[in-house]
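Mapped onto mature numbering (1 follows the signal peptide of the UniProt record, and there is no 0), the consecutive letters of the sequence shown carry residue numbers -17 to -1, 1 to 101.
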Amino acid sequence: MKGIRIALLGSCISLLAGCAGITLPEYHKPAIERDSDIQPKQLANCIINGWKGPYPAANLTESDADYYFGAIPGPDAPKAKISVTPRSLDSNSGSRVTLRVAQGTSADIVTIVEQCMR
């Protein structure tokens, strides 16, 4: 019985060690993760209009009332992923923006979002 417990413990430790190495290396941390006083719909429209010029395939769609999710496609994986959500349940509270960009992505993607948040 003790041998079974040791074997189970060893396999659990191996599994956890293997899972610890699983990451999304291209999206280590958000480039932007902060609040804005601008309402989600207005902010989402500004971002997509800014992105569409240099990145015609960019998309930002409303998934639920005032919840917007989108990306800028890349050849193998998205260059950027974004979410624009209400800051709170209060309809006039502004937005919460999270933007993740792949390594090596042009800085103008972040700059456009920052300009829209002002």
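Glycine included, C-beta positions come from ideal geometry on N, C-alpha and C.
Following the continuous alpha helix (DSSP H) through residue i, name the residue where it begins and the one where it ends.
i          : result
leucine 26 : 23 to 35
Report the rounded CA-to-CA distance for residue i versus residue j, giving the unit in angstroms.
i             : j             : result
glycine 53    : proline 61    : 10 Å
leucine 99    : isoleucine 31 : Just to set this straight, residue 99 is cysteine in the shown sequence, not leucine. One C-alpha to the other measures close to 10 Å.
aspartate 20  : proline 58    : 34 Å
isoleucine 55 : lysine 35     : 9 Å
glycine 33    : aspartate 73  : 27 Å
threonine 94  : alanine 14    : 10 Å
glutamine 22  : glycine 77    : 5 Å
glutamine 25  : proline 37    : 20 Å
leucine 7     : glycine 87    : With a pLDDT of 44 at leucine 7, under the threshold of 50, the modelled position of that residue is not reliable, and the figure given next carries that caveat. Their backbone Cα atoms lie some 15 Å apart in a straight line.
Could you check which residue in the options has the C-alpha nearest to that of residue i?
i             : options                    : result
asparagine 75 : Asp18, Gly87, Lys12, Asn32 : Asp18
serine 89     : Ala40, Pro23, Ala63, Gln22 : Ala63
residue 157   : Tyr38, Pro69, Asp47        : Outside the shown range of the chain (-17 to 101) lies residue 157, about which nothing can therefore be said.
Within 7 Å: the Cβ of residue i and any heavy atom of the ligand HEM?
i         : result
serine 89 : In the structure shown, the ligand HEM is absent, as is every other ligand, since no ligand is present at all.
So for residue i, helix, strand or coil by DSSP?
i            : result
threonine 81 : strand
aspartate 47 : strand
aspartate 91 : helix
Quick one: give me the first and last residue of the beta strand (DSSP E) that residue i is part of.
i           : result
proline 69  : 63 to 69
arginine 17 : 15 to 19
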